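Below you'll find the structure, written out as structure tokens, and then a few comments.
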Amino acid sequence: MIDEALVRSFVQTGRDIFVAGLISSHGGNLSVREGDLIVITRRGSMLGRLTREDLVVTGIEPCSDDERCSRELVVHREVYRRTGARAVAHAHPIHAIARSFRSATIVPEDSEGRYVLGEVPVVRAAETIGSPEAAVLVAEALESHPAVVLRTHGAFARGETLEEAFYHVSVLEASARILDLLER
16 MIDEALVRSF VQTGRDIFVA GLISSHGGNL SVREGDLIVI TRRGSMLGRL TREDLVVTGI
76 EPCSDDERCS RELVVHREVY RRTGARAVAH AHPIHAIARS FRSATIVPED SEGRYVLGEV
136 PVVRAAETIG SPEAAVLVAE ALESHPAVVL RTHGAFARGE TLEEAFYHVS VLEASARILD
196 LLER
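The sequence shown maps to residues 16 to 199 in this note's numbering.
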């Protein structure tokens, strides 16, 4: 059901996110929307070593395969419901997360960050992992921004493709690192 090109896209993007240091060994998740279907990484998968077996097909509405999906499925679904996104990447970029502890927005000073992202909102939820509250807050922010940081937890980014969603997360982390250097 999942074509080879889509599997390759997940494998390459997952590896890129891991190699870029944007996740720990088992952190993060990826998804793509195709009509009323969502292809998402399975719970506990390693993005840096994805295989076809790590991809789960589920629906935009809850279904029986949901238990196999990433715990962040609720967030991915809400993003797809509220935005025109075709892909979502969730990562744990260290510098962006650190900034989320003390800022309500991350405002890039570098040219690429300003151009690609503009201001990046930081949203705060009582429960950060896979909660309905986090899903609504993240999705609302992604309606008007390409990336958002969920305070203390990580970044979610949307795109037309997995590569574009990854690009948004990587630009966010580069901008956060630049801000850290400027504040030394």
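Quick reminder that beta carbons are idealized off the backbone N, C-alpha and C, glycines included. Since we're looking at a predicted model, the values are computed, not measured.
A Cβ-Cβ distance of about 6 Å is found for the pair Leu-45 and Leu-177, placing them in contact under the 8 Å criterion. If only uninterrupted beta strand (DSSP E) runs of at least 3 residues are considered, those enclosed by the segment 120 to 198 are 135 to 138, 162 to 165 and 169 to 174.
Within the DSSP bridge table, the entry for Ile-53 names Arg-48 and Thr-73 as partners. Nearest Cα to Leu-88 within the set Gly-174, Gly-145, His-183 and Met-16: Gly-145. Taking a contact to require three or more Cβ pairs closer than 8 Å, the segment 115 to 126 and the segment 155 to 170 qualify as touching. Going by DSSP, His-105 is part of the beta strand (DSSP E) stretching over 102 to 106.
Counted as a single uninterrupted DSSP element, the stretch harbouring Ile-17 is not any alpha helix (DSSP H), since DSSP gives it neither H nor E.
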